[in-house]
Amino acid sequence: MKIKNNKLVLKKKKTKINEYCYNESIEQLELTKKVKAVSRMTFNGCRNLQTVIFNENLQEIGYEAFYNCVSLEEASIPVDLSFLGEGAFMDCRSLKKVTLPQLKVLPKNLFKGCFSLEEIIIPDSVEIIEEGCFHSCVNLKRITLSKNLREIKEYAFKRCQSLESVVFPETLRILGDKAFEDSKNLKFIKFNNDLTYLGKSVFYNKFYDEYKIKGTAFCSSFTSKADLENCITITIPKTIDYLSLGFEGVLPFAYRNKNKTCPDHVLSIEKEHIKVFMSSAFYSYQDDSDYIIKNGEFDFSKYDNQLEKAEDTEKPFVAAFRLAYPKNLEERKRNEYFNLIKGYEKDVAIFSVEVRDQDVLSYLLENFSFDTEFCAALYSLCSKKGYSDLQEIVSGKTKKTALSETENLLNDLLLV
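Put into structure tokens, the structure is as follows:
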């Protein structure tokens, strides 16, 4: 093996390239038909390597074989390759074009950090995409998934910030934790009807309107820190077996369950679907081992028993939401919730306007005393946000409060 004119020339009879052939002067590499294997970390860090010509007889590319070859622009991997190691092309920042072999599994971190990769077609032979396979491919715009894909593991497409759409095949059963985390430009997602597991924070930091998902486990999958101008609504058939907590965001009142079959800041059950969402007042309740829905029914007792998990600063808000939707609420719990609000009723009232919750605001105005000055401030807040429905509620209460204060004043004068 020798380098001539910046091109690596192999001995004619050589069938395997051994480990650590690192040399910064290498710009071109042609693997002769005799070569069947490239060992682990062979060309790791060959920063000037621009071109690799693979032969059709190649059977093996080892662990991190071309890792950090930052000038490599194309990788036409032989179709019949039998082994592809983890991180084989990781951090190949100039890699633009890739042809994948007919493997069943795409290995961990295979193209992680390949910033220039814009499109990938995954062969129909692939059944599993391993952890972090396309992590941080920030310019990846288009992916065509295998028709036989069964599982996408955690972080597989994390931080693919240019990706706008993804269509999951009917064969997909498992979508791992944070698989598309920080893929913030996703605008279209199509699920299949037989997805059985959707992991935690799969689409973290992204808001969506409505998706239909069927499965047997569903936990913390669409998390996003509360942006009161946005919402998350997930529609799931009632055939789902278990549903856990973990949806953070705020659902506008117009989309909520008018039948009050459960606290609306957590989820609503309507007809054949379950609409799921969670407000910022519910962060502390997250517990993936706690299921509050089973076979499409909401477990109020479990919900009430979880109050202790909320932080002290959040308890008044959680209490107000529950009292506004009092189904199956025991008298003992009702008193406990009411006492939690005392002293914080103004803060909770302001929050109910922020999240545009008519029922919570109505409950507070009917059950707690607010002076006309505060009601006027609340009305002004509703007006500023353009919530005419809430303005009407506050306006009615303001009139009653003003009338009551006038009556009290007259009574005092009469007594004098």
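Residues 558 to 973 (the working numbering) are what the sequence shown spells out, left to right.
Yeah, the Cβ is synthetic: ideal placement off N, Cα and C, and Gly gets one too.
Everything numeric in this text was worked out from a predicted model, so none of it was measured.
Three-way DSSP call (helix, strand, coil) for residue i in this model
i	result
Ser778	Note that Ser778 scores 49 on pLDDT, short of 50, meaning its location in the model is unreliable; the coordinates nonetheless yield the value given after this. It is coil, neither helix nor strand.
Glu676	strand
Ile634	coil
Gln607	coil
Phe640	strand
Phe725	coil
Tyr754	strand
Leu880	helix
Leu652	coil
Glu708	strand
Lys665	coil
Leu697	coil
Val627	coil
Ile583	coil
Ala594	strand
Glu617	strand
Phe908	helix
Phe600	coil
Phe745	strand
Leu732	strand
Lys899	coil
Ser940	helix
Exposure label - residue i; buried when at least 16 CB within 10 Å
i	result
Gly953	exposed
Gly689	buried
Phe745	exposed
Gly642	buried
Ser858	exposed
Ile789	Any reading at Ile789 must be qualified, since the residue scores a pLDDT of 40, below 50, and its modelled position is unreliable; no value is offered.
Ser909	buried
Lys890	buried
Asp914	buried
Lys661	exposed
Lys747	exposed
Lys715	buried
Lys941	exposed
Lys669	buried
Among the options, nearest to residue i - alpha-carbon criterion
i	options	result
Pro635	Asn614, Ala622, Gly642 and Gly670	Asn614
Ile574	Tyr901, Arg604 and Gly619	Gly619
Asp734	Val724, Ser722 and Ile709	Ile709
Ser1036	Val759, Lys747, Tyr754 and Phe748	With the chain represented from 558 up to 973, any question about residue 1036 goes unanswered, as that position is not in the structure.
Pro680	Leu657, Ile686 and Leu755	Leu657
Ser703	Glu630, Ala881, Gln659 and Tyr920	Gln659
Arg650	Val662, Pro664 and Leu629	Leu629
Glu581	Phe623, Phe725, Asn742 and Lys903	Phe623
Val683	Leu886, Leu638 and Gly900	Leu638
Asn666	Cys932, Leu922, Glu711 and Gln616	Glu711
Ile686	Arg891, Phe725, Leu674 and Ser719	Phe725
Ala933	Leu947, Phe640 and Val951	Val951
Phe737	Glu871, His692, Asn705 and Lys747	His692
Asn896	Ser945, Asp869 and Phe640	Asp869
Arg707	Leu732, Pro883 and Cys717	Leu732
Phe927	Lys715, Ser945 and Gly900	Gly900
Ser673	Gly943, Tyr944, Phe640 and Cys717	Cys717
Residue-level contact to chain C via CB, residue i, 8 Å cutoff
i	result
Glu887	The structure shown contains no chain C; it holds only a single protein chain.
Residues near residue i in its chain [Cβ-Cβ closer than 8 Å; skip 5 each side]
i	result
Thr572	Lys591, Val592, Lys593 and Ala594
Glu621	Arg597, Met598, Asn601, Gly642, Glu643, Gly644, Ala645 and Met647
Leu588	Leu567, Ile574, Val595, Val609, Ile610, Phe611, Asn612 and Leu615
Tyr936	Gln948, Val951, Ser952 and Thr955
Ile898	Pro873, Ala876, Ala877, Leu880, Val905, Leu921 and Phe925
Asn705	Asp681, Ser682, Val683, Glu684, Pro726 and Thr728
Contacts around residue i, its chain only, beta-carbon distance under 6 Å, and the 5 residues preceding and following it disregarded
i	result
Ala881	Asp916, Val917 and Tyr920
Arg699	Glu676
Glu721	Asn742 and Lys744
Cys671	Cys649, Leu652 and Cys694
Phe925	Glu902
Lys654	Glu631
Glu887	none
Contact belief for residue i with residue j at Cβ below 8 Å, rounded distance in angstroms
i	j	result
Lys652	Ala632	A small fix is needed here, since residue 652 is Leu in this sequence, not Lys. Their Cβ separation, rounded to whole angstroms, is 6 Å, which keeps Leu652 and Ala632 in contact under 8 Å.
Arg597	Cys626	14 Å between Cβ atoms; not a contact.
Pro873	Val905	5 Å
Ser719	Leu697	6 Å
Ile907	Leu947	Actually they do not touch by this definition, with Cβ atoms about 11 Å apart.
Any non-hydrogen atom of the ligand ADP within 7 Å of residue i CB
i	result
Lys669	This structure lacks the ligand ADP, and indeed carries no ligand of any kind.
Sequence-distant residues of its chain with Cβ nearer than 7 Å to residue i (five each side left out)
i	result
Thr701	Ile678 and Ile679
Phe931	Lys903
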